[in-house]
DNA sequence: TTTCTTCGTTAGATCGATCAAATTCACAAT
DNA sequence: ATTGTGAATTTGATCGATCTAACGAAGAAA
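Okay, here's the thing in structure tokens:
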């Protein structure tokens, strides 16, 4: 026999609410999922009961019936080294997800080919409705795999290969370095150098292109104003030295680390960033504002990236067959003291 | 009427598996949850059917019946600035959780008093079984709140207030700076300075204490070998200058940022870290190994922290009334080139 | 008055698993 | 042959919501 009384301490379910409001459970359900179906007076009554009992629908029950977990899977990597960028993305993503009634399910991603098995496992258990991908690489298998099965997903990071599938959001590196050049030109610089990574990395090539195109747009020469180094500070310093010798009055770099290399190269020559030579970094790492002088750098708009990812994902969930959307967002130039007008003596 | 045939494309449920294995659904359930109850021959038969159908139990259904979501809630903050420490914690936590059959549910934590409402919401919906807390502060309300309701939780970060409740895991800052001193003493240093933050921050005071106690243990003087600065690199450099003037041959610092200040102070004097004066940082920030020379620093054992958190949490879930456990883990000294034997000239 | 609509609400089945209790079976003890 | 015992398996109820379909009441049209 079903319990008719509401013992204190008994779990509060829809039936409890229904009893108190003097309606059926279906009406309570409608109050949550289709309030427009209720007469406004009934709605008020149900809402009152919900508030008094502090009731919320049981996720598992709802999810079992509706076949939707309202969870988005996100694979976290061992140590992505991405500095605080991934942190910010994750926060922005979960924030936007929450606003849309979703939450983020975190799972550790085994590197390599076993990775897809984790995705599959989550799907088999119906643990997630969709995925958010990051750390996309050339010819990433995940996109096509998910696409083939009709699982909604969105990627932070473009599909670099020619024939990519699915929606993505990415940061426009070229626009970023372009902005940096514009900023420096406005300060009177003309010999604006670029310090990047060796050719071949898509992200690096993109940032280089932005500098090159902006220089052309302003009618400025680029010959001899380009150097490259790997991610180490000291190597950056060596490469930056060459650019200074070539008479650069400003250096746009592919990363804050390389920018730190510039700082060192300047210090070794008794010069100072900002005062003598302007330097622009990329990423706005935590160290950037701690440096002295504070580093002018390109901050990736992770809040917007997360929000946009969620927006595309929701659209995809709603309409799985809509054409893919791709969004490029420009980084934001954070101006600190490492950029300044060209010194008169130069 | 119940469907007796298994149409292709129909969802694979326990009934499908049961039919194929020629057993009841309960037996399939037992194969997952209590395999020792089955005759080994039956178990094999069921496992075979499971494998052929690629079946996994539906999370929501299981969770509805067992009243356990197997999810651990974790509140992600806007930008905790914790560098890569939180990243590593989160990865370690989800890794250990996965090994125990749990996953991590990420939710954005609104700052301030509204925070607890998010926790409550998750509990009301039965979305999580337990919580992992970080960023604990003096007199944190979350611990007592969760404790009072009997919700299992674990904190990364000790309860600094006197009357804390609940299990926690933390990094032993004092042990870290102590190790740094030991290492330097072994290299022949005697005038080992400490560069920390202004008194008052519990973490900072802890690290200072470790240095002081280790110095006493080795019978070394501490007078005049202590300075403090806020988190900025340049201020660190100024403070470090004083220590160098006081004849320090090595500096233990409270953070990698302060260590970078030492680098600058040395460079300004034409000296170099490692060769002339040894420097030890704290945290192993991404920049630490990029610096030149590479920074010897104390790396927080986040993998162990995450694992231990999960271990305590599982115990707590199993036995909610067991006495609280607290674990302190020592950081690991990562030796790079910024520490070296005392130069002969000194 | 009767019948037809429409709107709001209710009743009963269902999602896919686990729990508690009942049942079957093999085998030993009486 | 009968009963007892324990292990292996099955049966039926249940978790808490949503779905489909049916129902009742109010007002409009006949």
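Protein chains in written order, with my numbering: chain A, -17 to 328; chain B, -17 to 328. Idealized CB from N, CA, C, for every residue including glycine.
Q: Starting from the C-beta of residue 330 (chain A), find all residues in its chain whose C-beta is less than 8 Å away, skip the five residues before and the five after it, and write them out in chain order.
A: Limits of chain A in this structure are -17 at one end and 328 at the other, which puts residue 330 (chain A) out of reach.
Q) Taking 7 Å as the CB-CB cut-off, is residue 77 (chain B) touching chain A? A) Within the second chain, the letter at position 95 stands for residue 77 (chain B). Yes, because at least one Cβ of chain A sits closer than 7 Å to the Cβ of residue 77 (chain B).
Q: Use the C-beta contact count for residue 326 (chain B): other C-beta atoms within 10 angstroms, 16 or more gives buried, fewer gives exposed.
A: Here residue 326 (chain B) is taken as the residue at index 344 of the second chain, counted from 1. Classification for residue 326 (chain B): exposed.
Q: Grab me the residues of residue 330 (chain A)'s own chain with a C-beta within less than 6 Å of its C-beta, minus the 5 sequence neighbours each way, in chain order.
A: Nothing can be reported for residue 330 (chain A): it is not among the residues displayed for chain A, which extend from -17 to 328.
Q: Can you tell me the Cβ-Cβ gap for residue 112 (chain B) and residue 294 (chain B), rounded? I've got them flagged as a contact below 8 Å.
A: Numbered from its first residue, the second chain carries residue 112 (chain B) at position 130. Numbered from its first residue, the second chain carries residue 294 (chain B) at position 312. Residue 112 (chain B) to residue 294 (chain B), Cβ: 11 Å. No contact.
Q. Are there 16 or more other CB atoms within 10 angstroms of the CB of residue 22 (chain B), so buried, or fewer, so exposed?
A. For the purposes of this step, residue 22 (chain B) is taken as the residue at position 40 of the second chain. Burial call: exposed.
Q) Are residue 184 (chain B) and residue 210 (chain B) closer than 7 Å when you measure CB to CB? A) Here residue 184 (chain B) refers to the residue found at position 202 of the second chain. Here residue 210 (chain B) refers to the residue found at position 228 of the second chain. No; because the gap between Cβ atoms is not below 7 Å, this pair is not in contact.
Q: Taking all protein chains shown into account, decide if residue 252 (chain B) is buried (16 or more other Cβ within 10 angstroms of its Cβ) or exposed.
A: Stepping through the second chain from its first residue, residue 252 (chain B) is reached at position 270. It counts as exposed.
Q: Reducing DSSP to helix, strand and coil, say where residue 152 (chain A) ends up.
A: For this step, residue 152 (chain A) is matched to residue 170 along the first chain. Strand at residue 152 (chain A).
Q. Would you say residue 239 (chain A) reaches chain B, if we count a Cβ-Cβ gap shorter than 7 Å as a contact?
A. Your numbering for residue 239 (chain A) matches position 257 in the first chain. Yes, contact with chain B.
Q. Is the shortest distance between the beta-carbon of residue 147 (chain A) and the beta-carbons of chain B less than 7 Å?
A. Position 165 of the first chain, counted from the start, is the residue given in the question as residue 147 (chain A). Judged by the 7 Å Cβ criterion, residue 147 (chain A) is not in contact with chain B.
Q) If the cut is a Cβ gap below 8 Å, which residues of chain A does residue 188 (chain B) touch? A) Position 206 of the second chain holds residue 188 (chain B). Within chain A, no residue comes near residue 188 (chain B); the closest Cβ sits about 22 Å away, beyond 8 Å.
Q. Comparing alpha-carbon positions, which option in B:88, B:60, B:130, B:72 lies nearest residue 302 (chain B)?
A. Residue 302 (chain B) sits at position 320 when you count from the first residue of the second chain. Nearest C-alpha to residue 302 (chain B): B:130.
Q. Can you tell me the Cα-Cα spacing of residue 95 (chain B) and residue 41 (chain A), whole angstroms?
A. Counting from one through the second chain, the residue named residue 95 (chain B) turns up at place 113. Counting from one through the first chain, the residue named residue 41 (chain A) turns up at place 59. Cα to Cα, residue 95 (chain B) sits roughly 25 Å from residue 41 (chain A).
Q) For the candidate residues A:-7, A:167, A:47, A:291, whose alpha-carbon lies nearest to that of residue 78 (chain A)? A) As a first step, residue 78 (chain A) is located in the first chain; it is residue number 96 there, counting from the start. Among A:-7, A:167, A:47, A:291, the Cα nearest to that of residue 78 (chain A) is on A:291.
Q | CB contact check: residue 109 (chain A) to chain B, cutoff 7 Å | A | Here residue 109 (chain A) refers to the residue found at position 127 when the first chain is read from its first residue. Interface residue, yes.
Q: Using a Cβ cut-off of 7 Å (strictly closer), state whether residue 131 (chain B) contacts chain A.
A: Position 149 of the second chain, counted from the first residue, corresponds to residue 131 (chain B). Not an interface residue.
Q. Is the number of C-beta pairs between the region 215 to 223 of chain B and the region 276 to 284 of chain A that are closer than 8 Å three or more?
A. no
Q: Whole angstroms is fine: what's the gap from residue 229 (chain B)'s alpha carbon to residue 229 (chain A)'s?
A: Residue 229 (chain B) sits at position 247 when you count from the first residue of the second chain. Residue 229 (chain A) sits at position 247 when you count from the first residue of the first chain. Distance between the alpha carbons of residue 229 (chain B) and residue 229 (chain A) is about 40 Å.
(Q) Tell me which residue opens and which closes the alpha helix (DSSP H) that residue 128 (chain B) is part of. (A) By 1-based counting over the second chain, the position of residue 128 (chain B) is 146. 123 to 131 is the span of the alpha helix (DSSP H), which, as asked, contains residue 128 (chain B).
**Q.** Residue-chain proximity (residue 89 (chain B), chain A), Cβ-Cβ < 7 Å
**A.** The residue given as residue 89 (chain B) occupies position 107 in the second chain. Judged by the 7 Å Cβ criterion, residue 89 (chain B) is in contact with chain A.
Q.
What residue range does the beta strand (DSSP E) around residue 210 (chain A) cover?
A. In the first chain, residue 210 (chain A) corresponds to position 228, counting from 1. Unbroken beta strand (DSSP E) run through residue 210 (chain A): 208 to 210.
Q | Option nearest residue 115 (chain B) by Cα separation, candidates B:58, B:18, B:312, B:314 | A | Within the second chain, numbered from 1, the residue matching residue 115 (chain B) stands at position 133. Considering only alpha carbons, the answer is B:58.
Q.
I'd like the ranges of any alpha helix (DSSP H) spanning at least 4 consecutive residues and lying wholly in the region 153 to 178 of chain A.
A. 155 to 168
Q: Indicate whether at least one CB of chain A lies closer than 7 Å to the CB of residue 80 (chain B).
A: Residue mapping note: residue 80 (chain B) aligns to position 98 of the second chain, counting from 1. Closer than 7 Å to some Cβ of chain A, the Cβ of residue 80 (chain B) qualifies, so yes.
**Q.** Residue-level contact to chain B via CB, residue -14 (chain A), 7 Å cutoff
**A.** Taking the first residue of the first chain as 1, we reach residue -14 (chain A) at position 4. Residue placement at residue -14 (chain A) cannot be trusted, given a pLDDT of 44 that sits under 50; what the coordinates show is reported in the next sentence. Not an interface residue.
Q | Bounding residues of the beta strand (DSSP E) (the contiguous stretch that carries residue 314 (chain B)) | A | Within the second chain, numbered from 1, the residue matching residue 314 (chain B) stands at position 332. That run of the beta strand (DSSP E) goes 314 to 316.
Q) Cβ of residue 315 (chain A) within 7 Å of Cβ of residue 161 (chain A)? A) If you number the first chain from 1, residue 315 (chain A) lands on position 333. If you number the first chain from 1, residue 161 (chain A) lands on position 179. Contact: yes.
Q. From residue 250 (chain A) to residue 255 (chain B), what distance separates their C-alpha atoms?
A. Residue mapping note: residue 250 (chain A) aligns to position 268 of the first chain, counting from 1. Residue mapping note: residue 255 (chain B) aligns to position 273 of the second chain, counting from 1. In a straight line, the C-alpha of residue 250 (chain A) is about 15 Å away from that of residue 255 (chain B).
(Q) Here's the rule: buried if 16 or more other CB atoms are within 10 angstroms of the residue's CB, otherwise exposed. What is residue 248 (chain B)? (A) The count along the second chain starts at 1 and reaches residue 248 (chain B) at position 266. Classification of residue 248 (chain B): buried, given that the 10 Å Cβ count is 16 or more.
Q: Using a Cβ cut-off of 8 Å, pull out every chain A residue sitting near residue 288 (chain B), in sequence order please.
A: Reading the second chain from its first residue, position 306 is the one you call residue 288 (chain B). Those do not exist, as residue 288 (chain B) stays about 10 Å from chain A at its closest Cβ, beyond 8 Å.
(Q) Which residues of the region 21 to 41 of chain B have a Cβ closer than 8 Å to any Cβ of chain A? Give them in chain order. (A) 36, 37, 38, 39, 40, 41
Q | Chain-ordered chain B contacts of residue 99 (chain A) [CB-CB under 9 Å] | A | For the purposes of this step, residue 99 (chain A) is taken as residue 117 along the first chain, with counting starting at 1. Residues of chain B passing the Cβ test: none, with the nearest at roughly 11 Å.
**Q.** Cβ neighbour criterion (16 or more within 10 Å) applied to residue 178 (chain A)
**A.** Residue numbering aside, residue 178 (chain A) sits at position 196 when the first chain is read from its first letter. Of the other Cβ atoms in all chains shown, 16 or more fall within 10 Å of the Cβ of residue 178 (chain A); this residue is therefore buried.
Q.
Against chain A, which members of the region 245 to 279 of chain B pass a CB distance test of less than 7 Å?
A. Taking 7 Å as the Cβ-Cβ cut-off against chain A, the residues of the region 245 to 279 of chain B that qualify are 249, 268, 269, 272, 273, 274.
Q) Under 7 Å Cβ-Cβ, which residues of chain B neighbour residue 359 (chain A)? A) Outside the displayed span of chain A (-17 to 328) sits residue 359 (chain A), for which this structure offers no information.
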